[in-house]
Structures are given as C-alpha cells and as structure tokens.
Amino acid sequence: MAKRPPQPEADERALFEEEMADVRPIERDRHLPQVTFRKPIPISEREREVLRELDRLVSGEAPFELQDSDEFMEGAVQGFDPRIVRQLRRGEFALQADLDLHGLDAATARPLLERFIGDCHARGLRCVRVVHGKGRNSPNRVPVLKANLPRWLARGPARLLVLAYSSARPEDGGTGATYVLLRSRGGRRRKRGSL
Numbered sequence: 327m328a329k330r331p332p333q334p335e336a337d338e339r340a341l342f343e344e345e346m347a348d349v350r351p352i353e354r355d356r357h358l359p360q361v362t363f364r365k366p367i368p369i370s371e372r373e374r375e376v377l378r379e380l381d382r383l384v385s386g387e388a389p390f391e392l393q394d395s396d397e398f399m400e401g402a403v404q405g406f407d408p409r410i411v412r413q414l415r416r417g418e419f420a421l422q423a424d425l426d427l428h429g430l431d432a433a434t435a436r437p438l439l440e441r442f443i444g445d446c447h448a449r450g451l452r453c454v455r456v457v458h459g460k461g462r463n464s465p466n467r468v469p470v471l472k473a474n475l476p477r478w479l480a481r482g483p484a485r486l487l488v489l490a491y492s493s494a495r496p497e498d499g500g501t502g503a504t505y506v507l508l509r510s511r512g513g514r515r516r517k518r519g520s521l
C-alpha cells in the first residue's frame with residue numbers, strides 16, 4: 327500500500343496565507359514587441375557570380391590552377407588567395423603530419439596518399455608534407471610519383487580536401503617533397519612554431 331505524503335499542518339498553511347495576503351501579481355505589458363523585416367536587397371548579377379564561385383570553392387568543385395616546372399610544382403584551387411599560397415611555399419605553416427612515399431610505385435603510392443589525406447583531414451590537420459623523392463632511382467631517372475602527385479591532388483578523391491600544394495623548402499625536402507594545405511574542419515590556421 328502506497329503512503330500518502332504528509333499533509334501540511336494547519337498552522338503552516340495559515341502562516342503561508344498570512345505572508346502572501348498583500349502580494350499582487352506583476353503587471354505585464356500585453357503587447358509583443360514589433361518585429362519588422364527589411365525588404366530583401368536585390369543581388370546584382372556580379373554578386374550572384376561571386377556567390378556561385380564561392381560555392382564552387384567551398385564544395386571542392388573548382389578546378390586547380392597549376393604552376394609546374396621540371397623541379398618546382400605548385401597548385402591551388404582556382405580563386406584561392408595567392409598570399410596563402412605564398413605562405414605555403416615559404417613553409418610558414420606548421421607541418422602536422424608526414425607521409426614518405428619514397429621508393430614506392432605509383433599503384434602502391436596513390437591509395438596510401440588518398441588515405442593519408444583523408445585521415446589527416448578527418449583529424450582536423452591543415453598542413454602536411456608528402457615526401458615523394460626526385461626520381462633519381464626510377465627507370466630513366468623520371469620522377470614517377472612527383473609527376474603524378476599534382477594530378478592525384480587536383481583530380482582524385484583528395485581534390486575535395488585539398489586547397490593548395492607547393493614544393494617544400496630545401497630543409498623540408500626541397501623538390502623531393504610537397505607541402506599540402508587541407509581544407510578546414512573549423513580549426514584555425516597555425517604558423518610554423520606556434521601551438
């Protein structure tokens with residue numbers, strides 16, 4: 327059988343009613359605040375084109391602008407800020423991960439690269455280095471991995487995650503390595519040496 331909660335004693339109830347006798351409800355303003363909406367400002371065709379281009383950049387559909395020579399290579403999503411590409415080229419971003427593809431053939435290296443880029447992006451990393459070598463030990467001394475890397479970054483599954491890439495500085499591997507700047511997952515860009 328369930329117990330009933332104890333009833334307040336008559337003295338307590340009388341005391342409460344006595345204390346509340348002169349309490350009055352707070353008067354309220356019965357009018358809700360007036361909300362006004364501005365008329366939408368018409369968007370010019372130029373602004374529409376800028377918004378479409380921005381949408382292409384954000385979605386990863388924009389083509390890459392490539393600048394390659396026999397030794398140096400660089401590329402970025404079309405319309406990407408050239409100042410950031412310059413910072414990448416100068417090695418001003420903290421390297422957060424490395425992948426060494428030295429000595430691998432293209433068939434082995436490509437899936438490793440794609441997995442590495444995907445894993446780094448998923449972990450929120452922004453700047454990574456891919457060491458591909460200069461091809462000095464390749465048949466005919468042709469740098470197979472280095473030659474394929476721009477295409478893999480700009481056209482493969484990685485293209486949705488990559489903003490820019492550039493040959494590394496000499497102390498980071500020079501033209502035998504490439505810096506890769508990944509799209510943000512909400513993190514902030516970090517300079518070399520910063521936390």
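Sequential numbering of the sequence shown, starting at 327, is according to our numbering. Glycine included, C-beta positions come from ideal geometry on N, C-alpha and C.
Run through the DSSP bridge pairs and tell me what D431 is partnered with.
Translated into positions along the sequence shown, residue 431 becomes position 105. D431 pairs with nothing; no bridge assigned.
Tell me which residues share the same chain as L425 and place their Cβ nearer than 6 Å to its Cβ, disregarding the 5 neighbours each side in the sequence.
Position 99 of the sequence shown, counted from the first residue, corresponds to residue 425. So the list reads F442, V456, once near-sequence residues are dropped.
Using alpha carbons as the reference points, say which of R416, D431, V411, L507 lies closest to P496.
Your numbering for residue 496 matches position 170 in the sequence shown. The candidate whose alpha carbon is nearest that of P496 is R416.
Along the chain, where does the beta strand (DSSP E) that runs through A503 open and close?
Translated into positions along the sequence shown, residue 503 becomes position 177. Taken as a continuous stretch (DSSP letters only), the beta strand (DSSP E) holding A503 covers 503-508.
Option in Y491, P368, G502, D498 with minimal Cα separation from D407:
Reading the sequence shown from its first residue, position 81 is the one you call residue 407. When only C-alpha atoms are compared, the closest one is Y491.
Own chain, CB closer than 7 Å to E397, minus 5 neighbours either side, in chain order
Numbered from its first residue, the sequence shown carries residue 397 at position 71. Cβ neighbours of E397 beyond the five flanking positions: T501.
Using a Cβ-Cβ cut-off of 6 Å (strictly less than) and excluding sequence neighbours within five positions of R516, which residues of its own chain qualify?
Start at 1 with the first residue of the sequence shown, and residue 516 comes out as number 190. Low confidence applies here, because R516 scores a pLDDT of 46, under 50, leaving its location unreliable and the question unanswered by this model.
Can you name the residues that DSSP bridges to R455?
Here residue 455 corresponds to residue number 129 of the sequence shown, with the count starting at 1. According to DSSP, R455 bridges with D424, Y505.
List the residues that DSSP assigns as beta-bridge partners of S493.
Working through the sequence shown from its first residue, we reach residue 493 at position 167. DSSP lists T504 as partners of S493.
Measuring alpha carbon to alpha carbon, tell me which residue in E379, A473, D498, G401 is nearest A432.
By 1-based counting over the sequence shown, the position of residue 432 is 106. Of the candidates E379, A473, D498, G401, the one whose C-alpha sits nearest the C-alpha of A432 is A473.
Look at L427 and L487 and say whether their C-beta atoms are less than 8 Å apart.
To locate residue 427, count along the sequence shown from 1; it is residue 101. To locate residue 487, count along the sequence shown from 1; it is residue 161. No, the pair does not count as a contact, with Cβ atoms beyond the cut-off.
With DSSP as the reference, label V488 as helix, strand or coil.
Here residue 488 corresponds to residue number 162 of the sequence shown, with the count starting at 1. Strand at V488.
Using C-beta distances below 7 Å, list every residue in its chain close to G286, excluding the 5 sequence neighbours before and after it, in chain order.
Past the edges of the chain, shown from 327 to 521, lies residue 286, and the structure says nothing about it.
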